[in-house]
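Just so we're aligned: the sequence shown equals residues 4 to 320 in the working numbering. Even for Gly, the Cβ is constructed at its ideal location relative to N, Cα and C.
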Amino acid sequence: MERFNSDLHLTTSQVAELLSVHPSTVKRWCNDGDLDVDKTDGGHRRIHLQDVLRLSADRAIPTFLDPFQPYEGHVWTAVNHAVDSSSFHRVHSLAMGWLTRGYIERLGALFHALGRHPGVPFHRFCDEGVRGFMREVGETWRSGRLRVGEEHMVSEALVEVLVKLRAEIPAPPAGETRPVAIVGSMEGDRHNIGGLCVRLILESHGWEVFFLGADVPVEDFAAMQRTRSADLVCVSFAPPNTAADMKRAIRILGEFYQDAHPYTLALGGDLSESPFLEDLEIPFRELGLFGSLEQFDRALGDGLGVRNAAIDIDEVA
Ligand code: B12
Numbered sequence: 004m005e006r007f008n009s010d011l012h013l014t015t016s017q018v019a020e021l022l023s024v025h026p027s028t029v030k031r032w033c034n035d036g037d038l039d040v041d042k043t044d045g046g047h048r049r050i051h052l053q054d055v056l057r058l059s060a061d062r063a064i065p066t067f068l069d070p071f072q073p074y075e076g077h078v079w080t081a082v083n084h085a086v087d088s089s090s091f092h093r094v095h096s097l098a099m100g101w102l103t104r105g106y107i108e109r110l111g112a113l114f115h116a117l118g119r120h121p122g123v124p125f126h127r128f129c130d131e132g133v134r135g136f137m138r139e140v141g142e143t144w145r146s147g148r149l150r151v152g153e154e155h156m157v158s159e160a161l162v163e164v165l166v167k168l169r170a171e172i173p174a175p176p177a178g179e180t181r182p183v184a185i186v187g188s189m190e191g192d193r194h195n196i197g198g199l200c201v202r203l204i205l206e207s208h209g210w211e212v213f214f215l216g217a218d219v220p221v222e223d224f225a226a227m228q229r230t231r232s233a234d235l236v237c238v239s240f241a242p243p244n245t246a247a248d249m250k251r252a253i254r255i256l257g258e259f260y261q262d263a264h265p266y267t268l269a270l271g272g273d274l275s276e277s278p279f280l281e282d283l284e285i286p287f288r289e290l291g292l293f294g295s296l297e298q299f300d301r302a303l304g305d306g307l308g309v310r311n312a313a314i315d316i317d318e319v320a
């Protein structure tokens, strides 16, 4: 039977990625005896995480696990599980444990590490990592096992993580004309983390975003669209708002719509049902309803909201 089923035995390429070095450097360290190495039944090298961390400490090579001492092993397995098995279950239970014990800085560091991990696309980080965890937080709060203060604390920590991740988005080339979007949460809705996720994904696609935050009067979306000549307006919804509130927003924005200032309207969030739109006037250039950032990311890649998205036929061919 294979001995190396432990999550803590790394392949040479995993070690290389963790230490930001070339795999051939790791092989040399193994051959020179700088790293203890074991072999699988099939003859492949396996290196224990603790040995990698010892080497990284000896040679002052930073890794994303540094802030988690002495829980590096837990974080390594949780993050790898999210990358390889597409399950954030371990990340969520680790984070929930830290939240209930008050290790909020560590929780923030975990989400920050996950949000910038090259193996986790940003839309998955938001849809499954952040939203999945916040649903658990909401349920735990509702059942009385989490205090309101703790729920506020974790919301603030995640806002901070998103702000940090935003600062790491590469700046667009100077002088480039960028498409413009207005992003905010529906009137009466104090939830703003979903809107922040939308802001970041747009900025990482090169958009200029005017972020209005939570609880924005519907007419203000229309007014800001006009003053900023925005190509896209994104409105975020969360319960206790309902599909009827979404429909109301579409109706009001439709009444304010001017053909001289065309734009695409994107609505999204965590509502249990979609609005019934058959009886509505839809004057917008396009209207998109999104249940996840994954769908939105795909639509942005397909040119959603970009005015006169010119397709260069030669380039496509
Ligand atoms: C954090 C939180 C709060 C915080 C918000 C802090 C903040 N800075 O945002 C505060 C304390 C303010 C709050 C207040 C309230 N909350 Co609250 N809250 C939550 C909680 C725990 C997490 C929400 C969250 O941030 N999720 C994470 C984000 C990333 O997820 P998301 O918003 O769904 O966004 C994702 C997608 O939907 C999508 N998306 C979102 N918007 C858009 C827009 C576009 C254009 C696109 C493309 C995509 C998109 O992208 C995101 C990434 O996947 C939820 C639990 C839950 N199940 O969601 C309860 C929850 C939503 N709240 C609830 C309640 C009851 C309330 C209050 C009424 C409590 C009270 N008595 O005061 C108030 C309502 C205030 C109001 N008028 O809005 C209930 C709603 C129940 C219901 N069905 O009515 C929930 C479900 C908790 C529960 N289990 O009971 N809340």
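- Spatial neighbours of F128 in its own chain (CB-CB distance under 7 Å, excluding positions within 5 residues in sequence) are listed in chain order as L117 and G118.
- Checking the 7 Å criterion, the Cβ of N195 is within range of a heavy atom belonging to the ligand B12.
- Non-local C-beta neighbours of R229 in its own chain, meaning closer than 8 Å and more than five positions away in sequence, comprise Q261 and H264, ordered along the chain.
- For the segment 117 to 170, the continuous alpha helix (DSSP H) assignments of 4+ residues that do not extend past its boundaries occur at 134 to 145 and 151 to 170, in sequence order.
- Here D218 is not near G308, since their CB atoms are 8 Å or more apart.
- In this structure, V164 is the residue among F125, V164 and R62 with its C-alpha nearest to the C-alpha of R109.
- Remark: the shortest separation between the CB of L296 and any heavy atom of the ligand B12 falls under 7 Å.
- For the 8 Å CB-CB criterion, A246 and E276 form a contact.
- Cβ neighbours of R202 within its own chain (closer than 6 Å, five residues either side excluded): V186, V212 and F214.
- In summary, V18 is buried, with 16 or more beta-carbon neighbours lying within 10 Å of its beta-carbon over all protein chains present.
- T267 carries a strand assignment under DSSP once its states are collapsed to helix, strand and coil.
- In this chain, D218 is not harboured by any alpha helix (DSSP H); it is covered by the beta strand (DSSP E) spanning E211 to V219.
- In the displayed model, E179 falls within coil according to three-state DSSP, outside both helix and strand.
- Of the other Cβ atoms in all chains shown, fewer than 16 fall within 10 Å of the Cβ of A63; this residue is therefore exposed.
- A Cβ-Cβ separation of about 6 Å places L270 in contact with M249 under the 8 Å criterion.
- Counted as a single uninterrupted DSSP element, the stretch harbouring V40 is not any beta strand (DSSP E), since DSSP gives it neither H nor E.
- When only Cα atoms are considered, L303 and D223 end up about 24 Å apart.
- Taking a cut-off of 8 Å for Cβ pairs, the segment 282 to 299 and the segment 129 to 137 touch, as three or more such pairs fall below it.
- In the DSSP annotation of this structure, the continuous segment of the beta strand (DSSP E) that includes F293 starts and ends at E289 to F293.
- R57 is positioned such that its CB atom lies no closer than 8 Å to that of H12.
- Counting only the Cα atoms, T143 lies some 21 Å from N244.
- The closest heavy atom of the ligand B12 lies 7 Å or more from the beta carbon of S90.
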